[in-house]
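For the record, the sequence lines run as chains A and B. If you count by our numbering, then the first sequence holds residues 4 to 530, one letter each, in order. If you count by our numbering, then the second sequence holds residues 4 to 530, one letter each, in order. Every residue, glycine too, gets a C-beta built ideally from N, C-alpha and C. Source: prediction; values computed, not measured. One structure below.
Number of protein chains: 2
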Amino acid sequence: MSTQSVLIAGRWRAATATETFHGENPATKMPLEDRYPISSWADCDAALDAAVQATSALRTLGAEKIAAFLERYAERIEARAAQLVTMAQAETALPAVPRLADVELPRTTGQLRQAAAAAREGSWAMPTLDTKANIRSYYAAIGPVWVFGPNNFPFAFNSIAGGDFAAAIAAGNPVIAKANSSHPGTTRLFAEAAQEAVEAAGLPPGSVQLIYRTSHADGERAVSDPRTGATGYTGSRSAGLALKRAADAAGKPIYLELSSINPVVILPGALQERGDQLVGEFATSCLMGVGQFCTNPGLVVLLAGTTSERFVAQVGEKFRAAPVGTLLSKAVAGSLAKSCQHLAAAGAETVVGGSAGGGAGYSFANTLLKLPAGQFLKNPEACQTEAFGNVSLVVVADDAKQAGEVLDHLEGNLTGCVYSDTKGSDEALYAELAPRLRRRVGRLLNDKMPTGVAVSPAMNHGGPFPATGHPGFTAVGIPASLRRFAMLECYDNVRPNRLPPALANKNPNGQAWRLIDGKWTQADVNT
Amino acid sequence: MSTQSVLIAGRWRAATATETFHGENPATKMPLEDRYPISSWADCDAALDAAVQATSALRTLGAEKIAAFLERYAERIEARAAQLVTMAQAETALPAVPRLADVELPRTTGQLRQAAAAAREGSWAMPTLDTKANIRSYYAAIGPVWVFGPNNFPFAFNSIAGGDFAAAIAAGNPVIAKANSSHPGTTRLFAEAAQEAVEAAGLPPGSVQLIYRTSHADGERAVSDPRTGATGYTGSRSAGLALKRAADAAGKPIYLELSSINPVVILPGALQERGDQLVGEFATSCLMGVGQFCTNPGLVVLLAGTTSERFVAQVGEKFRAAPVGTLLSKAVAGSLAKSCQHLAAAGAETVVGGSAGGGAGYSFANTLLKLPAGQFLKNPEACQTEAFGNVSLVVVADDAKQAGEVLDHLEGNLTGCVYSDTKGSDEALYAELAPRLRRRVGRLLNDKMPTGVAVSPAMNHGGPFPATGHPGFTAVGIPASLRRFAMLECYDNVRPNRLPPALANKNPNGQAWRLIDGKWTQADVNT
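Written out as structure tokens, the structure is:
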């Protein structure tokens, strides 16, 4: 089998590479057939040159063509659905049905279509007009965007089809995708569909490019290159922080989603009122996708008492009874075992599980760990080690005061949940604890597990460091996710014929919401 | 004279300091009477603790009280205007009238009042409601904000009274101000007025705190401390980059305004049409505030020809004829001389000026330098050395192509201007050059010098690195400047009685614009 081609400047061509890598089927631990190149800097360099050209061309082309591309692309993904699902299942061991075919694929095409609608409509850019001073500004494309996708959503967060991709393109930027090494074949299939859609929609070559892998040094060089506009990264904390250092030093925006243990606080009244139901909700959320969700509830805070003891015991039973799923890769399995060791070293006891194996291929027993809050507070950093997979840690506090201290010692997280009873007996505890959890998380939930991430304008899939790199941005939710890949462009006294259409007196499509002299409106400027 | 006190946790008290410093009158080169402490870490630590407490208290207090504080503060500044002007003139040598008393002071109080109105009205937070999914989000206070103010606007950008201060407070955060070392007395007077207003408005102690100076190491520790929410910095590039490194490594947002040479492109038709007028506009803008504006036009790009030669000669005459102003400090004078040497080493010829002195105290001759574009392109980095003061560089390109190359080699800047004729003869050149300038600047102007920075919602006082640290944010312009000091808070399925008022079904004041199910409206949610 020959080595697969990279997609650069609108052409599939051999990479400039001296090394290659293979995908692996995590369910069989067998290497997959195809070979993929580890590109040298020359490929990155060529991709950046093509992307710079595409940046100018996309700007001239306008939003309608970009929207059309995103829609054509969604259609082509649907046409290749069976092929994509088969490939992704082989590379990730995620279930073909319902997960890949019925949940993640529709989510992916739905995101692309939402992004298309946002690009066409134009409100995302927040056109702001001060007609008296004749100063006008909006968010506009920032230039070539690198997208590094994670291992856990081969479709919905794929570097060449997922949320960051859709947002960056819709904002008017070319994307250079760096495939996740655990699903290069899936990414290649997406890239083929994307390139067909680029050609069908008449986008410039270099609008969508694909490189499978680079050295770490070239990755750092890429995100900090003068030609780069911005970067979207979802993945491990260590690799992300290395890219962040490089991008920050060059003053290049980088949006990262790094790690999160998604604390869930279950108050005593809720356990009293509906303990059995909560056992089910929690266990389901923990084991969903073999625990490999960014918003997987990895930490539960309970107050000491018999209802809490019963909750832990019942969750333990559920974990023991549930089938053990296959993890995404050898690396995930290795890292999960190591995280469990770290947590054990910090004092966590094993309620159930705790050892590798038990499922097909790379797997690890469904694991519930337990720790007194006093122990947590002795070493809060170690006790917050992310165990990416089907492992959760219960922290039992002596009282509300100690539970509050645990919350005060949390790192930044994507989400935080509080469950309370419906009659009001938990209200005082909620008032004491929720504001402290609030400061540590991007999304605060009530009576709901965090694993569902709705693609809603009001969603925040973000949060304080180290969950992400900046607590003001969200990776999910249109239109806000588009503004990450934009710069603020101000036009001061610029002549009417030279203004971008979005800032002209006439609302170009009659639909974009614009802030004109302090009022949001879809109307034209009164002239 | 004893050492002045710092303002920490609502009390004026002796600093924990082993060293002190003096202000200096730049017009006389004489030290000013008062002595100010260089705080040790203990002061920063105490200020952070107080600010953390203030953060929670401010949240409970609500926007109305914060707005009232900003308004009381503006009044107290007006009541102390004469004292502030006298002190600032002594410390900066800026003219009392009109600059300090009639321009900068009203701008400062105007900003505080605009920030008050924005806090009260609430639209800045962009409340976004998805009523079907019951997910709601908005921007909310990020926590303690450090503000490092620059030397050049002792009022309007003062760390305890200026734009960053007003924005951070209006967004609901406590501010710890680090005085600029060139005007500690002015900053102290502001802090006195601010603390009186804090008490009058019933804000928590620690809402506004003042430290005069710290070691560089403590400054870096401060911006990266876990208790810190974010930092606003305006000042020199080297000090700013050191703070940026520290804040970035800790994942703490930092907004920087570092340097800008504000390129001005004057096309041949404009020179032909109204050359004399442009000579006047340009020379006035260059020498305004002795060239010590962030938006001072430090670089002019002309196309070779007799009109350009005449422009250069005439500007040279204006520069020679104009009085030489006093620079802000010894450091500014030293750095200006050094920058001129750098530019000369890179090949710039002196048209007029080029040497220190000529005015009262610290001064430097009004200086016009000239360089062929070919020379610029040999070492674009050195030729973009910021000469902060009354020095500008003219770059003369052989043709449009070469002018375009100069623009392609520009670093990020706050502003860029293009002057063209009114009859259309420059239109083709504009179309070729403006898009390339556009990518390098935050604000693009037509037929207007960049030195005026209107406090408008459509303003962008920002731009690509190294002008600032992120091209999506503006330091001037309300409401956008407030959102820098905020985090995105999402509420997913949170019970109605627990939602912040801004996200409730009922619009709390009937005035805030909220994005409800895709439409901007001031109405309540339809229930």
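- DSSP places A/Asp495 in the uninterrupted beta strand (DSSP E) bounded by 489-495.
- Listed by position along chain B, the residues whose Cβ is nearer than 8 angstroms to that of A/Cys386 form an empty set, because the closest Cβ is around 17 angstroms away.
- Residue contact with chain A for B/Met462: present (Cβ-Cβ distance below 8 angstroms to some residue of chain A).
- What A/Arg441 touches in chain B, judged by beta-carbon distance under 8 angstroms, is Glu492, going in chain order.
- Counting only the Cα atoms, B/Pro101 lies some 19 angstroms from B/Asn28.
- A/Val355 places its beta carbon 8 angstroms or farther from that of A/Leu380.
- Nearest in C-alpha terms to A/Glu284, of all of A/Phe296, A/Pro300, A/Thr418, is A/Pro300.
- By alpha-carbon distance to B/Asn382, the top candidate from B/Ala351, B/Ala84, B/Gly415, B/Leu132 is B/Ala351.
- For A/Trp149, the enclosing beta strand (DSSP E) has its first and last residue at 148-151.
- The segment 174-194 of chain B and the segment 43-60 of chain B touch, with no fewer than 3 CB-CB distances between them shorter than 8 angstroms.
- For A/Lys451, at least one C-beta of chain B is nearer than 8 angstroms to its own C-beta.
- Residues of the same chain with a CB within less than 6 angstroms of the CB of A/Val150, apart from the 5 flanking positions on each side, are Ser162, Asp167, Phe168, Val178, Ala180, Gly235 in chain order.
- Taking 8 angstroms as the cut-off, the beta carbon of B/Gly415 is found closer than this to the beta carbon of B/Phe468.
- With fewer than 16 other Cβ atoms inside 10 Å of its own Cβ, B/Thr425 counts as exposed.
- Close to A/Asp429, with beta-carbon spacing below 8 angstroms, lies no residue of chain B; the smallest spacing is near 11 angstroms.
- By the C-beta density criterion, A/Asp228 is buried, having at least 16 other C-beta atoms within 10 angstroms.
- For a Cβ distance threshold of 7 angstroms, residue set Leu491, Cys493 of chain A lies close to B/Gly445, ordered along the chain.
- Distance from the CA of B/Ile519 to the CA of B/Met129, rounded to the nearest whole angstrom, comes to 10 angstroms.
- Contact between A/Asp37 and A/Gly188 holds, since their C-beta atoms are separated by about 6 angstroms, short of 8 angstroms.
- In terms of beta-carbon proximity, B/Arg110 stays away from the interface with chain A, with every pair separated by 8 angstroms or more.
- Short of 6 angstroms from the beta carbon of A/Asn393, and not among the five residues preceding or following it, lie these beta carbons of its own chain, in chain order: Leu290, Val293, Gly294, Asn369.
- If you compare the alpha carbons of B/Ala431, B/Phe72, B/Asn449, B/Trp516 with that of B/Ala164, the shortest gap goes to B/Phe72.
- When B/Thr95, B/Ile269, B/Thr477, B/Leu103 are compared, the shortest CA-CA separation from B/Glu312 is found for B/Ile269.
- In terms of beta-carbon proximity, B/Pro467 lines the interface with chain A, with at least one pair separated by less than 8 angstroms.
- Three or more beta-carbon pairs drawn from the segment 233-251 of chain B and the segment 141-160 of chain B are found closer than 8 angstroms, and the two stretches are therefore classed as touching.
- In this structure, the CA atom of A/Ser239 is about 13 angstroms from the CA atom of A/Gly337.
- Contact between A/Pro474 and A/Gly465 holds, with the beta-carbon distance rounding to 7 angstroms and staying under 8 angstroms.
- When DSSP states are grouped into helix, strand and coil, A/Pro266 belongs to the strand group.
- Interface flag for A/Arg230 against chain B is unset, since no Cβ pair is found closer than 8 angstroms.
- When C-alpha distances from A/Gly472 are compared across A/Gly222, A/Leu261, A/Ala483, A/Gln198, the shortest belongs to A/Leu261.
- Residue environment: B/Glu384 is assigned as exposed (fewer than 16 neighbouring CB atoms within 10 Å of its CB, all protein chains considered).
- For the pair A/Arg441 and B/Ala144, the Cα-to-Cα distance works out to about 11 angstroms.
- When secondary structure is reduced to three states using DSSP, A/Ala53 falls in the helix class.
- Bridge partners of B/Leu518 according to DSSP: B/Thr131, B/Trp523.
- In the three-state DSSP reduction, B/Val100 falls in the helix class (H, G or I).
- DSSP places A/Pro375 inside the beta strand (DSSP E), whose first and last residues are 370-375.
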